[in-house]
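Below: one structure, written as structure tokens.
Right, dumping it as structure tokens:
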């Protein structure tokens, strides 16, 4: 849980580190320590003198919420005639883990991370999570308005192509059908409807099979919802390979 | 979609309305129109002269995010030694629909709502949603800090018993077992494990039966998770009756 990470944490408090962080942020921090913590992955957690274990997960919790709010406000102002369904879809495209990881790379977060994680499943989202933690750190150090400026100027304006994002397909059933046509694989869905004792709420379970292998499963309050959920699971498992 | 709501909307722009709103907010608004919109339920949507349909759902999208952030920050500062799992659980207890509805009642939101909804399923969360929309309106009118003050002074400090909330049980399986003992009903769980073609990720489906009737169903990546999800669905369906 410690050692390497701890040493690098100590080393990180030097001038060179500070010189690299300032251009990434676009401002000069006051509370350096909180930024250092933002880059400490759970695998390199620090044990403080009072016995408490610290890493970037608390900051990530905070930053995740702040990021959601600032994107919500940005979309609210940008798309004055779109309904909340559209706004909500757009936001989820921006903050989905994969996209957040690539944004974190683009702004150079990866060079600051302190981690002992092997390249395992748990380490996959390490960059996106650290970006959220960094946002939490900026909020703690500088407050809401500076955080807003950071997110808009360093992430949304330079790195998000909103026109492209508007048209990006999120209908996973269609995407899976497209995928199967390209790959000449047979695809099929099986759905069951089950009634609960509370008879007004049927629940649906859907399974998606590709070449007769189960690839995803989902539930929902409509067949459409459960199929989408199953297709999304299958789509994600294919794109992870 | 219109008529009654529209008339009440016009009527609402009077002095009496303003007199009632100011004590609820704790400050004097600048942009009255945005507050009026915050109380317009979808069932009473207005058609503007340019043909666009407006109600409180866009503001609700914004307010929902702002509320999440301010509660995150509040919990982050209040519980300096708790991990993000604890913080996240606490927040979800505060913002769950049922709790938000009762908070909205407590601060008197219900008296402002403009709705044509019959007491149907869709109308159940009307108060909590309007509270979120009101938070969105405050944010648009007065910015982040005033919104923060409103949430802390008018909602969190007077109406949330944090000690009680910390101990409130969210283990739905235990709650369902307790419930069944009290009600002398037999309860059982059935779980299936299914392997997807991507063999590393088994998926679990669990069903919960009360007196041999299916009452809930859930999926998850572990049996514990799918049972919890099924139990939560059952618990919620019982508490809605």
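Chains as they are written, first to last, in the numbering used here: chain A, 5 to 245; chain B, 5 to 245. Here a beta-carbon is modelled for each residue, glycine too, at the ideal position from N, C-alpha and C.
8 angstroms Cβ cutoff met for residue i and residue j
i	j	result
residue 78 of chain A	residue 26 of chain A	no
residue 215 of chain A	residue 72 of chain B	no
residue 144 of chain B	residue 35 of chain B	yes
residue 136 of chain A	residue 193 of chain A	no
residue 234 of chain A	residue 210 of chain A	yes
residue 148 of chain B	residue 199 of chain A	no
residue 30 of chain A	residue 140 of chain A	no
residue 165 of chain B	residue 131 of chain B	no
residue 220 of chain A	residue 212 of chain A	yes
residue 87 of chain B	residue 61 of chain A	yes
residue 99 of chain B	residue 75 of chain B	yes
residue 107 of chain A	residue 171 of chain A	no
residue 115 of chain B	residue 174 of chain B	no
residue 134 of chain A	residue 42 of chain A	yes
residue 227 of chain A	residue 178 of chain A	no
residue 222 of chain A	residue 223 of chain B	yes
residue 45 of chain A	residue 142 of chain A	no
residue 229 of chain A	residue 176 of chain A	no
residue 183 of chain B	residue 242 of chain B	yes
residue 28 of chain B	residue 111 of chain B	yes
residue 56 of chain B	residue 85 of chain A	yes
Chain B within 8 angstroms of residue i, Cβ atoms only
i	result
residue 164 of chain A	no
residue 73 of chain A	yes
residue 224 of chain A	no
residue 50 of chain A	no
residue 194 of chain A	no
residue 5 of chain A	Residue confidence is low: residue 5 of chain A scores 47 on pLDDT, short of 50, so the model does not pin down where it sits. Its coordinate-derived value is still stated next. It does not: the Cβ of residue 5 of chain A has no partner Cβ on chain B nearer than 8 angstroms.
residue 8 of chain A	In this predicted model, residue 8 of chain A has a pLDDT of only 49, less than 50, meaning its place in the structure is not dependable enough to derive any value.
DSSP-derived helix/strand/coil call for residue i
i	result
residue 223 of chain B	strand
residue 154 of chain B	helix
residue 197 of chain B	strand
residue 50 of chain B	strand
residue 111 of chain B	coil
residue 164 of chain A	coil
residue 117 of chain A	coil
residue 272 of chain B	Beyond the ends of chain B as shown, which are 5 and 245, falls residue 272 of chain B; an answer cannot be given.
residue 210 of chain A	strand
residue 35 of chain A	coil
residue 23 of chain B	helix
residue 100 of chain A	coil
residue 217 of chain A	strand
residue 189 of chain A	coil
residue 241 of chain B	helix
residue 124 of chain B	Any reading at residue 124 of chain B is ruled out, since the residue's pLDDT is 46, under 50, leaving its predicted position unreliable.
residue 233 of chain A	helix
Residue i: contacting residues in chain A (beta-carbon distance under 9 angstroms)
i	result
residue 175 of chain B	Under the 9 angstroms cutoff, chain A gives no residues; its nearest Cβ is about 21 angstroms from residue 175 of chain B.
Neighbour flag for residue i against chain E, beta carbons, 8 angstroms
i	result
residue 94 of chain A	Any reference to chain E falls outside this structure, whose protein chains are A and B.
Contact list for residue i against chain B, beta-carbon separation under 7 angstroms
i	result
residue 85 of chain A	56
residue 76 of chain A	65, 66 and 69
Residue i: contacting residues in chain A (beta-carbon distance under 7 angstroms)
i	result
residue 148 of chain B	148
residue 61 of chain B	87 and 88
C-beta neighbour in chain A for residue i, strict 8 angstroms
i	result
residue 221 of chain B	yes
residue 209 of chain B	yes
residue 126 of chain B	For residue 126 of chain B, the predicted structure reports a pLDDT of 49, less than 50, and the residue's modelled location is therefore unreliable. The matter cannot be settled from this model.
Neighbour list for residue i in chain B, Cβ cutoff strictly below 9 angstroms
i	result
residue 24 of chain A	The premise fails here: residue 24 of chain A is roughly 27 angstroms from chain B at the closest Cβ pair, so nothing lies under 9 angstroms.
residue 91 of chain A	62, 65 and 66
Contacts that residue i makes with chain A (C-beta to C-beta distance below 8 angstroms)
i	result
residue 82 of chain B	Chain A residues near residue 82 of chain B: none, gap ~12 angstroms exceeds 8 angstroms.
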